[in-house]
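Throughout the sequence shown, residue numbering follows the numbering used here, covering 2 to 435 in sequence. In this text, a Cβ means the ideal position worked out from N, Cα and C, and glycines have one as well. Right, one structure below, let's go through it.
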Amino acid sequence: MQNRKRFAWVLLSLILITPRIQLIQVAGSFIRLEDFLFAINVLWLIHNRHLIGPLPVVLIRLFKTLIGMSLVGILSSLFAVVSDRNTFVTGLLFSLRPIEYATLIPTMYILLISSLSGMNIVLRILTIATFASSILQTFFSFQIGTSRFGFSRSSALTGGPYELAMISVLLLIYWLNSRRFLLAFLCLISLIASASRISILALGFALIILTLGRFSKEENEAKVGDRSSFRLYRSLFIVAIVFFTAVGTSVSANFSQILVRYESRVQDTESNSLTLKESYILSGSAPDIVTSQQYSETVFSAPPDFTGGFESSDASTRRRYFVWFVLIDTFIQSKAFIWGLGPGFAGSAVDGNYVRIIAEYGLLGVVFYWKWFAMFLRRSAYWFKAAIVSVLVTGLYIDIFTSIKTSLLVYIFFLISNLEKKVISADSGPKENR
């Protein structure tokens, strides 16, 4: 039995640290290496189903919500096929994403109730591997995986800089709450390397929630010694940030370039991006759109006068509002308010998760996504609430809700939070040292 669990630990670690490696193109998307690892996980679960036992009610509710999301996506895909808006294969692949990621939840549950310290080892591995790979990309232009952002902005072991930023924020919150300040500092460096301003803003909101949590009843019941220890480590963490930032800035030209990159990105955005008003006016001159193909041709090939070419590394910043207005107008013209245009209609990126959900899934999708996040926020620990708030803020400008590594970290932290709240129990006890 130990060998079986050891295999699961290794598999989970591989899924979390595997970079994006595209293998087979299918319906405008790719089957990636992670998909095969997920398939191996399903086979492992089938072979070791006796280890699962009765699932906690909170996990059963989560699975029902995710299944509902996928069923809504499949229903929407069928309507999209009938209306000649999109292919069923594309819609099906996008619809099954929530279920695919959720297949790892039982494995995480089995491993977590057997060893919380083991899960923290996996998270340490992810943190260190992410930090090391982001440093390699930033300072040595070392390409990892198939992400096209490897040389312009660090994406580390993820699908892009925004996913790197999101998992860095999530891990940073977790390590701060766990008082592992060195690991939190590594996450901060990875976040800086991603050059993602929206994620830095999301971190700010998360830290406010985390600070408010310190005044909650459950925090006030903490031991005085623990509080003193927290103050000490917090001071050391701040000193470490100031020290390493000062040293890095003075001895490394590359580190300085990272800081300058923020200013250049702001200037580039201000000079090349359309304003909301300009985007709205331009979207009014777009042709009538019925199919996904017509939509892609409109938003990815026009308007050439301001994009500088959509092959540039940050084209999403230049066309974001234009894409939103075109997609919303297409959604309104379709009158598919209940089930939407169909998953995958807008392609790989809308750069606004809320706009994507409304346009592709309609009101039914909004209901299930609301239930999804409400489940996370209800009766959860403050540090986990802070993590979810960071995801919600990032979703304003990034399609982050279906990011593989973001989803998996959210599920891991959801399980840990419920373990701390004693909603689920562990053989080794919820008080096991981290």
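{"Check": "How far does the alpha helix (DSSP H) with valine 351 in it extend, from its first residue to its last?", "Outcome": "First-last for valine 351: undefined, no H or E at that position."}
{"Check": "Following the continuous alpha helix (DSSP H) through isoleucine 401, name the residue where it begins and the one where it ends.", "Outcome": "Taken as a continuous stretch (DSSP letters only), isoleucine 401 belongs to no alpha helix (DSSP H), as it is neither H nor E."}
{"Check": "Quick one, are the C-beta atoms of leucine 165 and serine 116 less than 8 Å apart?", "Outcome": "no"}
{"Check": "Give the secondary structure of glutamine 26 by DSSP, where H, G and I count as helix, E and B as strand, and everything else as coil.", "Outcome": "strand"}
{"Check": "On a CA-only basis, which of Ser195, Gly396, Ala287 and Ala387 is nearest leucine 328? Give me that one, please.", "Outcome": "Ala287"}
{"Check": "Whole angstroms is fine: what's the gap from arginine 50's alpha carbon to leucine 44's?", "Outcome": "10 Å"}
{"Check": "Between the alpha carbons of glycine 366 and glycine 74, how many angstroms are there, rounded?", "Outcome": "8 Å"}
{"Check": "Quick test of your reading: serine 200 and threonine 66, contact by CB under 8 Å. State the CB separation rounded to the nearest angstrom.", "Outcome": "About 25 Å; that fails the 8 Å criterion."}
{"Check": "Under a Cβ-count criterion, where at least 16 other Cβ atoms within 10 Å of its own Cβ denotes burial, should serine 78 be classed as buried or exposed?", "Outcome": "buried"}
{"Check": "Relative to the C-alpha of isoleucine 114, which residue among Phe346, Leu56 and Lys386 is closest?", "Outcome": "Leu56"}
{"Check": "How big is the Cα-Cα spacing for valine 368 and phenylalanine 326?", "Outcome": "22 Å"}
{"Check": "Helix, strand or coil for isoleucine 106 per DSSP?", "Outcome": "helix"}
{"Check": "Considering glutamine 3, what are the terminal residues of the alpha helix (DSSP H) in which it resides?", "Outcome": "3-18"}
{"Check": "Have a look at Tyr163, Val59 and Met70 and flag the residue whose alpha-carbon is nearest the alpha-carbon of proline 107.", "Outcome": "Val59"}
{"Check": "Return the first residue and the last residue of the alpha helix (DSSP H) that threonine 91 is part of.", "Outcome": "89-96"}
{"Check": "Let's see if you can read the secondary structure: which residues bound the alpha helix (DSSP H) around phenylalanine 338?", "Outcome": "Element bounds for phenylalanine 338: n/a, residue is neither H nor E."}
{"Check": "Less than 8 Å separating the beta-carbons of phenylalanine 332 and isoleucine 358?", "Outcome": "no"}
{"Check": "Looking at the unbroken alpha helix (DSSP H) that takes in asparagine 49, where does it start and where does it end?", "Outcome": "Careful: asparagine 49 lies outside any alpha helix (DSSP H) and carries neither H nor E."}
{"Check": "Measuring alpha carbon to alpha carbon, tell me which of Ile389, Met120, Thr131 and Leu177 ends up nearest leucine 420.", "Outcome": "Met120"}
{"Check": "Sort Thr19, Phe186, Val90 and Arg215 by Cα distance to serine 169 and report the nearest one.", "Outcome": "Phe186"}
{"Check": "DSSP three-state call for isoleucine 145: helix, strand or coil?", "Outcome": "coil"}
{"Check": "According to DSSP, arginine 33 sits in a beta bridge with which residue or residues?", "Outcome": "Gln23"}
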